[in-house]
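The sequence shown runs 4 to 186 under our numbering.
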Amino acid sequence: MLIAQKKLKENIAEYILYMYQIEDVIRAYNFDLERIMDEYVRQQLPDTSFHATYRQWYKDLITQMHSQKIEKKGHLYLIQEVMIELSYLHNTLLNMANDVKYKELYERSIDAIEDFKEKSNLKDKNHIELVFHAMYMKLLLRLQKKQINTESEEAFDSMRILIAYLCRAYHQMKNGELNFFNN
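Spelled out as structure tokens, the structure:
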């Protein structure tokens with residue numbers, strides 16, 4: 004919870020990937036709050052003063068996931084809203100702001116994005132959502148200590164750089180520091 008709050012303020016990409024992971028943890032523990040607390044949270048929080056706060060946070064997430072009918076798959080509305088904002092910003096940087104650097108990064112990553120789309124079960128997702136799913140897949144592969152070949156690593160890297168630029172622009176936009184007309 005504290006990690007999520009920090010990431011939300013500092014790095015929206017890390018926040019999204021972290022929340023994807025938390026959604027998967029909740030599903031892996033079959034929405035059992037006691038097991039999540041005993042087997043997952045307490046191991047990470049030796050200071051018991053945070054347990055009640057984390058319990059409430061996970062309880063709220065579980066409630067939201069049930070009410071939003073995303074027990075098997077899908078993402079919380081709050082994550083979807085951020086994804087929509089990022090997608091709009093992506094389109095703005097490409098089309099309205101004519102951000103040359105962003106266009107260049109997008110062109111470098113488009114083949115990797117389309118290749119990931121073809122190989123995945125995510126045909127209905129826009130390019131930004133696809134990149135986040137690719138980054139999450141890479142995270143899961145790393146956690147499982149699976150080898151990633153050089154070609155895939157290069158593809159992930161091109162997408163990572165694109166998302167880094169987009170997320171920096173996102174934080175600038177949220178802070179009122181992004182000027183779309185001075186590129």
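Where is the CB? At the ideal position from N, CA and C, for every residue including glycine. Remember, predicted model here, so these are calculated numbers, not experimental data.
Boundaries (first-last residue) of the alpha helix (DSSP H) holding residue i
i, result
"residue 94", "80-94"
"residue 22", "15-31"
"residue 138", "130-146"
"residue 2", "Nothing in the structure corresponds to residue 2, since the chain is present only between 4 and 186."
"residue 122", "103-122"
"residue 70", "54-70"
Option nearest residue i by Cα separation, candidates the options
i, options, result
"residue 155", "118, 177, 130", "118"
"residue 30", "69, 12, 8", "69"
"residue 23", "172, 140, 9", "140"
"residue 128", "147, 153, 87", "87"
"residue 3", "126, 121, 93, 122", "Residue 3 is absent from the model: the chain starts at 4 and stops at 186."
"residue 59", "44, 126, 71", "44"
"residue 21", "66, 136, 41", "136"
"residue 91", "146, 120, 130, 42", "130"
"residue 160", "114, 71, 38, 39", "114"
Residue i versus residue j: straight-line alpha-carbon distance, rounded
i, j, result
"residue 96", "residue 55", "42 Å"
"residue 182", "residue 166", "19 Å"
"residue 164", "residue 62", "35 Å"
"residue 150", "residue 144", "8 Å"
"residue 77", "residue 6", "21 Å"
"residue 134", "residue 18", "14 Å"
"residue 179", "residue 173", "10 Å"
"residue 28", "residue 101", "40 Å"
"residue 152", "residue 171", "28 Å"
"residue 112", "residue 51", "45 Å"
"residue 13", "residue 124", "31 Å"
"residue 132", "residue 48", "31 Å"
"residue 34", "residue 8", "22 Å"
"residue 108", "residue 53", "41 Å"
"residue 116", "residue 84", "21 Å"
Counted within 10 angstroms of its Cβ, other Cβ atoms place residue i as buried (16 or more) or exposed
i, result
"residue 1", "Residue 1 is absent from the model: the chain starts at 4 and stops at 186."
"residue 103", "exposed"
"residue 81", "exposed"
"residue 74", "exposed"
"residue 162", "buried"
"residue 26", "buried"
"residue 169", "buried"
"residue 64", "buried"
"residue 89", "buried"
Short CB-CB distance (under 7 Å) between residue i and chain B
i, result
"residue 48", "In the structure shown, chain B cannot be found, because there is only a single protein chain."
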